[in-house]
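> Before anything else, here's the structure in question.
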Amino acid sequence: MIAGRPSLDFVNTVGGREPGAEGTAGAVVLRERLGSYDDLLRWAGFASLVTDVELDRLRRLAAEDPRRAAAVYARALGFREALYRIGVAAAEGSPPAASDLSWLDQEWHEARDAQRLAAEPGGVTGSWREEPRLDRPLWPLALDAVELFTGGRLGRLKQCPGEECG
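Residues in the sequence shown are numbered from 0 upward in steps of one, following numbering that gives the first Met the number 0.
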């Protein structure tokens, strides 16, 4: 956790990238550090994106529906790579690809739909819906990424220039 933002730390869950073939979008991941849905959960817990109680519930759900967990895992990796490409474009001062922006927009809407507000003495608090969903770890990442990319403070966003770093 060195990037200072959960969405950027999520992008950094690979062991390097190298440019893709000419005419392809994005880069090739050299070493994948999230090899399964359970790895995604472990990382989300480490990043404090989900509570221990939520992790237990999500692990039970994944065991009950491994195909759905695998689909969410694949979605998470695709989302991560879309965030990477948006970040590269931002670091270069270029607009992101429409397909990547659409992916972020879809994940952002999923996250926003999962949010709930509740009255408390002295104010209002935000929380996530109670019904557990396997895509729960993606929600705070989408919200953070939208805040990052719309916040106008992208001047410090850089990409490692080292070979195979990405």
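Backbone N, C-alpha and C fix where the C-beta goes; we use that ideal spot for every residue, glycine too.
Nothing here was measured: the structure is a model prediction, and the numbers come from that model.
Per DSSP, residue 127 is paired with what?
In DSSP, residue 127 forms a bridge with 114.
> How about residue 135 and residue 53: do their beta carbons lie closer than 8 Å?
Against a cut-off of 8 Å, the Cβ pair of residue 53 and residue 135 comes out as a contact.
> Beta strand (DSSP E) containing residue 17: first to last residue?
Residues 16-18.
> Residues bridged to residue 122 by DSSP?
BP columns for residue 122 point to 119.
> Hey, quick one: how far does the beta strand (DSSP E) through residue 27 stretch, first residue to last?
26-28 is the extent of the beta strand (DSSP E) around residue 27.
> Using the Cα positions of residue 6 and residue 114, report the straight-line distance between them to the nearest angstrom.
Near 18 Å, if we compare the C-alpha coordinates of residue 114 and residue 6.
> Going by CA-CA distance only, name the one from 1, 9, 0 that's closest to residue 142.
The residue with the shortest Cα to Cα distance from residue 142 is 9.
> Can you tell me which of the three DSSP states residue 10 falls into?
Reduced to three states, the DSSP call for residue 10 is helix.
> Going by DSSP, what residue range makes up the alpha helix (DSSP H) through residue 60?
Unbroken alpha helix (DSSP H) run through residue 60: 51-63.
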